[in-house]
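Step one of this worksheet: look at the structure below.
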Amino acid sequence: MKKYALYIRTTTENKEAAIQESILKKYVNKTCKKEPCEIAGVFVDECQSGKTIDRPALKKLAQDIQNNKIDTMLVSELSRLSIYTEELLNIIRWLTEMNKRLIAVNDDFDSTRPRENYIFQVTEILQKQRPLLLEEEQQLEATKWSSSKLHKCLESIKKVKKFFLWNT
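When we follow the working numbering, the leftmost residue of the sequence shown carries the number -8, and every step to the right adds one.
Put into structure tokens, the structure is as follows:
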């Protein structure tokens, strides 16, 4: 039987936790009609920022995952885990190494699908390339060459940065 953990993080004290929990429970109920499963735990971090992963309920959930009490972590959105791509990648990598699954219901994300693995591999590569891209952009802007090839290269770098919401 699959064991699901519902992870909920809110930034305010309102009905947000109840809404997230409702979304996640609907997903589990739908899934349990297809295969045996259960909710092994509901982990809630209320009034917590997405800027850090140092949160009490998330730590408890990580312990339960390590102790094999959980097979799949459910979140309403990936941003509920972290607002930083690098931290999110680390969480997904850790879950994958533990042979666990992450599903973000509203984002239509499932860490076991090949598409998601490909996207995160590309994102990982781009994260590593970010300092080089920034350096290239600065060098190109510093030279102020008007060559069409260099201009296109600079525009490409800017598009990649914009796509991944990098701050300049």
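Backbone N, C-alpha and C fix where the C-beta goes; we use that ideal spot for every residue, glycine too.
query	result
Straight-line gap, E29 to L79 (C-alpha atoms, nearest Å)	25 angstroms
Inter-residue spacing [alpha-carbon to alpha-carbon] between P122 and P27	46 angstroms
Where N158 sits in the DSSP three-state scheme	Unreliable placement is indicated for N158, whose pLDDT of 48 sits below 50; no coordinate value is reported for it.
Straight-line gap, K17 to K149 (C-alpha atoms, nearest Å)	40 angstroms
Three-state secondary structure assigned by DSSP to L72	coil
C-beta atoms of Y(-5) and A31 nearer than 8 angstroms	yes
Unbroken alpha helix (DSSP H) run spanning C23, endpoints	E7 to C23
Contact the stretch 6 to 14 vs the stretch 46 to 61: 3+ CB pairs below 8 angstroms	no
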